[in-house]
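Going by the working numbering, the first residue of the sequence shown is number 51, and it counts up by one from there. Note that the Cβ used here is the ideal one computed from N, Cα and C, for glycine as well. No experiment lies behind these values; they were computed from the predicted model shown. Structure record follows, encoded as structure tokens.
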Amino acid sequence: MTIIKLKELTGALDENKIYYVIIAGFGLDALRGKLSRPHNDVDMLVLKKDYNKIKIILNKLRYREERYAD
């Protein structure tokens with residue numbers, strides 16, 4: 051996952067008015083203001099009501115979803 055790919059993903063979420071929070075690696079790097087290391091994924095929290103919309107967006111962008119909690 052690169053900054054360019056992250057911007058592509060967040061742009062699609064913003065365009066579809068989906069509320070999200072970036073956490074973990076990229077989230078901490080955003081607080082620090084620089085990349086600490088290469089990232090293989092992006093961790094985010096999203097609202098359950100947007101789940102189906104997010105799945106469609108991830109598929110269009112050729113990402114795979116890993117769901118950890120309801």
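Ignore the nearest five residues each way along the sequence and tell me which others in M94's own chain have a CB closer than 7 Å to its CB. In the sequence shown, counting from the first residue as 1, residue 94 sits at position 44. Only Y70, V71, I72, I73 meet the Cβ criterion.
Run of the beta strand (DSSP E) containing L95, from where it starts to where it stops: Residue numbering aside, residue 95 sits at position 45 when the sequence shown is read from its first letter. It spans 93-96 - the beta strand (DSSP E) in which L95 sits, taken as one unbroken run.
Is the Cβ-Cβ distance between L63 and V92 less than 8 Å? Start at 1 with the first residue of the sequence shown, and residue 63 comes out as number 13. Start at 1 with the first residue of the sequence shown, and residue 92 comes out as number 42. Against a cut-off of 8 Å, the Cβ pair of V92 and L63 comes out as no contact.
Per DSSP, what kind of secondary structure is Y113 in: helix, strand or coil? Start at 1 with the first residue of the sequence shown, and residue 113 comes out as number 63. Coil, per DSSP.
Are the C-beta of D100 and some C-beta of chain B separated by less than 8 Å? Protein chains in the displayed structure number just one, and chain B is not present.
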